[in-house]
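A short worksheet on the structure shown next.
Chains as they are written, first to last, in the numbering used here: chain P, 52 to 306; chain R, 3 to 163.
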């Protein structure tokens, strides 16, 4: 109730992601199948084991290890404390391999967005399976059955941002996202409002991240109401932050 | 990030002087990675800032040493500035003395409340001079505004009858 920490919300469902939102950063880290339209010189070392197209040289030592570190640099910097060493991003050695035209790659969303433009000079984006015809019919048949957590935990957010890539199926994708959500919403609201003091992991297992957020909001509302009914609304309590800090052990107090 | 930047610089120069326009995708790629790294760092630091702001509202003006140790010098400075702005604002509200808005986070029902002590804190002085010794599990009947701070910190526990 008396919350002091307000996190930056995700803007993924709107026209643009929020620059500072941690949820959006995690969401845009998901991969997208992509086809290159032009050759990209000197980047061949990054894409070795991911491409189905030909590379100029196959015998390379640590080249492949570099792109995951590049992609993960954001995540590593997020989880490491400020005082620890940041991982070093090394340039690929040797730098002369190139990615040929027409090779198929899997790039994270932030990279695909950055390299994409309307005339399709560098990349052309293919839709991932779950946003295509086949799965769309599955969703229209019965949205409640599908395990959205498995299908990419950021189904709605990622789908909304995919609409930026101007595919001819955009209208259908957006309709499908909307209808899926409408179909599932009733069950989420029901379960969140009626599961008090229980283990909710079975209910939450098949929901994607946005739905989980909704579920938690519902649970919080329910808990607050029960608190009020029991008369605890005027009881001053130690805040959650304080209780968490007490549980942590600060090992390096002396320095 | 420096390595990426330097590579990009040399490629840009080559593209401009040598007329090799096919290096552009490569440059764009590295530029995207640099922007991404910057975004992640900034979001992390901003999140830390939001949590520090929450600390002021939960803990009050003085932070325990353990927490202070984990904050960078700039964050401490930001915290002090925020404290100062908040204090100035509170002083400018309601009348001569100002209004402490960090009190009474939940609507109060009575002036005095019953509290139980959760851990040893020592002597605690009430407004009219009487001091109370706060030992573990001792119960007291104290004015609300004095105890609120201690309850939020977890030293006392509010008891409902």
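For each residue, glycine too, the CB sits at the ideal point set by N, CA and C.
Nearest neighbour of residue i, chosen from the options [CA to CA]
i              : options                           : result
residue 239(P) : 261(P), 227(P) and 218(P)         : 261(P)
residue 48(R)  : 64(P), 166(P), 54(P) and 60(P)    : 60(P)
residue 151(P) : 92(P), 200(P), 178(P) and 165(P)  : 92(P)
residue 130(R) : 5(R), 138(R) and 145(R)           : 145(R)
residue 165(P) : 182(P), 213(P) and 233(P)         : 213(P)
residue 298(P) : 68(R), 83(R) and 148(R)           : 68(R)
residue 13(R)  : 4(R), 26(R), 86(R) and 94(R)      : 26(R)
residue 167(P) : 229(P), 200(P), 218(P) and 192(P) : 218(P)
residue 263(P) : 205(P), 225(P) and 233(P)         : 205(P)
residue 66(R)  : 127(R), 43(R), 42(R) and 156(R)   : 156(R)
residue 274(P) : 255(P), 256(P), 257(P) and 246(P) : 246(P)
residue 32(R)  : 53(R), 4(R) and 51(R)             : 4(R)
residue 307(P) : 284(P), 178(P), 200(P) and 192(P) : Any question about residue 307(P) goes unanswered here, given that chain P covers just 52 to 306.
residue 153(R) : 133(R), 107(R) and 132(R)         : 107(R)
Heavy atom of the ligand GDP within 6 angstroms of residue i beta-carbon
i              : result
residue 220(P) : In terms of ligand content, the structure shown is empty, and the ligand GDP therefore cannot be addressed.
Under 7 angstroms between C-beta atoms of residue i and residue j
i              : j              : result
residue 269(P) : residue 244(P) : yes
residue 125(R) : residue 113(R) : no
residue 45(R)  : residue 73(P)  : yes
residue 55(P)  : residue 59(R)  : yes
residue 190(P) : residue 242(P) : no
residue 116(R) : residue 81(R)  : no
Within-7 angstroms CB hit, residue i to chain P
i             : result
residue 60(R) : yes
residue 45(R) : yes
residue 53(R) : yes
residue 34(R) : yes
residue 48(R) : yes
residue 85(R) : no
Interface flag, residue i vs chain R, CB-CB below 7 angstroms
i              : result
residue 199(P) : no
residue 129(P) : Caution is warranted here: a pLDDT of 31 is assigned to residue 129(P), below 50, making its placement in the model unreliable, and the coordinate value is therefore given only provisionally. It does; some Cβ of chain R falls within 7 angstroms.
residue 222(P) : no
residue 182(P) : no
residue 73(P)  : yes
residue 92(P)  : yes
residue 55(P)  : yes
residue 173(P) : yes
Below-7 angstroms beta-carbon distance, residue i vs any chain B residue
i             : result
residue 76(P) : Looking at the structure shown, chain B is missing, and the protein chains on hand are P and R.
Three or more C-beta pairs below 8 angstroms linking the stretch 162–178 of chain P and the stretch 187–199 of chain P: At 8 angstroms Cβ cutoff, the stretches do not touch.
In chain order, what residues of the stretch 148–169 of chain P put their CB closer than 7 angstroms to some CB of chain R? So the list reads 161, 162, 165 and 166, given in the order they occur along the chain.
With contact counted as at least three CB pairs below 8 angstroms, one residue from each stretch, are the stretch 150–168 of chain P and the stretch 74–84 of chain P in contact? A contact is defined here as three or more CB-CB pairs under 8 angstroms, and the stretch 150–168 of chain P meets this definition with respect to the stretch 74–84 of chain P.
What are the residues of the stretch 124–153 of chain R that lie near chain P, defined by any Cβ-Cβ distance shorter than 9 angstroms? Residues of the stretch 124–153 of chain R whose Cβ lies closer than 9 angstroms to any Cβ of chain P, in chain order: 146, 149, 150 and 153.
Chain R contacts from the stretch 239–269 of chain P (Cβ-Cβ distance under 9 angstroms): So the list is empty, because no residue satisfies the distance condition.
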